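Q: The structure follows.
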Amino acid sequence: MSAAAQVVDNPAASRYEILLDGAVAGFAQYRLRGGSMVFPHTEIRDEFEGRGLGSRLVGGALDGARAAGLRVVPLCSFVAWYIQRHPEYRDLVDDGYGDLVDTPG
């Protein structure tokens with residue numbers, strides 16, 4: 022993965038974007054609802070797949086939600102998967118949506 026990759030919030034488009042050498046390689050769409058950030062969809066452009074950019078994007082978006090004091094609703098399966106594998110973000114999940122990130126025991 023290039024050191025030039027960077028995650029930025031684009032509030033005008035309601036999404037976090039990952040930029041690679043200035044190009045938008047992907048995005049995590051969100052909607053603000055009360056004190057929560059709802060993530061319905063995440064996408065990495067085909068030509069950028071397989072570089073770990075999706076994980077970097079979601080990690081950056083979750084860090085942004087934490088910094089803003091927001092809870093997270095991981096409707097996007099990739100965001101839910103990421104939280105399952107990175108339990109340090111589990112505390113961000115909005116009450117009532119834990120089943121989306123809890124793995125069967």
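Add 21 to a position in the sequence shown, counting from 1, and you land on the number used in the numbering used here. Ideal Cβ placement from N, Cα and C applies to all residues, glycine included. None of these values were measured; they are calculated from a predicted model.
1) Which of the three DSSP states, helix, strand or coil, is assigned to Ala26?
2) Just checking, does the stretch 82-92 make contact with the stretch 105-122 on the three C-beta pairs under 8 angstroms criterion?
3) When the Cα atoms are used, what is the spatial distance from Ala88 to Asn31?
4) Tell me the rounded alpha-carbon separation between Ala86 and Gly73.
5) Can you give me the Cβ contacts of Tyr103 inside the same chain, cut-off strictly under 6 angstroms, excluding the 5 residues immediately before and after it?
6) Check each candidate in Ala82, Ser76, Gly43 and Thr124 and name the one with the smallest Cα separation from Ser35.
7) What does the Cβ neighbour count give for Ser23, buried or exposed, with the cut at 16 atoms within 10 Å?
A: If we stick to the structure as given:
1) coil
2) yes
3) 15 angstroms
4) 20 angstroms
5) Val79
6) In terms of Cα proximity to Ser35, the closest of Ala82, Ser76, Gly43 and Thr124 is Ala82.
7) Any reading at Ser23 needs caution, since the residue's pLDDT is 47, under 50, leaving its predicted position unreliable; the model's value is listed next. Flag for Ser23 reads exposed.
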